[in-house]
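Remarks on the structure that follows.
Residue numbers (this note's numbering): 3 to 268.
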């Protein structure tokens, strides 16, 4: 029984059988419909008119996701056969997929266990959108993006560190240059972080701008640095993505020919 359930819910269980594909399609459709319902629920007139329908669908969605989560915890020892039952289940629970599955249902149950302020309950409802990350388990494209980011995590960490250093330096310099003439816009270094982030990301809202000659010069330099800064992680990810797609295509083409005689497989 456990083996059959594992093969049904696990993407590699029986090489995508008919039932496995139907299960994946059902979960994907439920995730998409759940996100659409959350968006529609934000419209006050729709929420008042169809509040019962939204609530009933939320109960149904949480029930299905909860059953799926519990089944994955139960069959975790088959997913990790080299570990014991307890350690295998702990590994799944604290894995990326396990945490995403848990966070997808947790906002529904927490208000029943703890008494929260109404504002905090509304914040918990926002976390229902984390269900969209459950799609990563079922879509090849999202898996590819995730693997690329994982492989290039060290390079991306370097760009993040450089970004933080530039934000800190630019905020400090601009504070000392503009504070005397604009104490309300540049009151301290922490408040100047907003200007640094808006300038380095080339957004430039214009709500906080330098007015001194030195301030404008430094602002222009930082804006130019921001163009290159934004391009760094984009270039890393795009190059790695193209490389990964090429590798997968080579692997797929290898299966079209016999590894022994080189004849094309039919």
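We put the beta carbon where it would ideally sit given N, CA and C, even for glycine.
Within the model, the alpha-carbon separation for residue 203 versus residue 34 is close to 31 Å.
With a cutoff of 8 Å on beta-carbon distance, residue 182 and residue 217 are scored as not near each other. When DSSP states are grouped into helix, strand and coil, residue 50 belongs to the helix group. With 16 or more neighbouring CB atoms inside 10 Å of its own CB, residue 231 falls in the buried class. DSSP, reduced to helix, strand and coil, places residue 176 within a helical segment of the structure shown. Sequence-distant partners of residue 189 (beyond 5 residues in either direction) whose C-beta falls short of 8 Å from its own C-beta, in its chain, are 181. Annotated three-state conformation of residue 213 is coil, per DSSP. Looking only at 67, 53 and 41, the smallest Cα-Cα distance to residue 25 is reached by 67.
Only residues of its own chain outside the window of five on either side were considered, and among them 179, 180 and 183 have a CB closer than 8 Å to the CB of residue 214, listed in chain order. Where residue 9 is concerned, the enclosing alpha helix (DSSP H) starts and stops at 4-11. Excluding its 5 nearest sequence neighbours in each direction, residue 234 has C-beta neighbours in its own chain below 8 Å: 161 and 164, listed in chain order. Exclusion of the five residues before and after residue 73 leaves 7 and 11 as the residues of its chain whose Cβ lies within less than 7 Å of its Cβ.
With respect to the 8 Å criterion, residue 229 and residue 158 are not classified as neighbours on the basis of their beta carbons. Counting along the chain, residue 186 sits inside no alpha helix (DSSP H), nor does DSSP assign it H or E at all. Assigned with DSSP and collapsed to three states, residue 154 falls in coil, not helix or strand. About 20 Å separates the beta carbons of residue 64 and residue 94, which is beyond the 8 Å limit, so they are not a contact pair. For residue 107, the number of other beta carbons within 10 angstroms of its own is at least 16, and it is reported as buried. Taking 8 Å as the cut-off, the beta carbon of residue 56 is found closer than this to the beta carbon of residue 49. Assigned with DSSP and collapsed to three states, residue 113 falls in helix.
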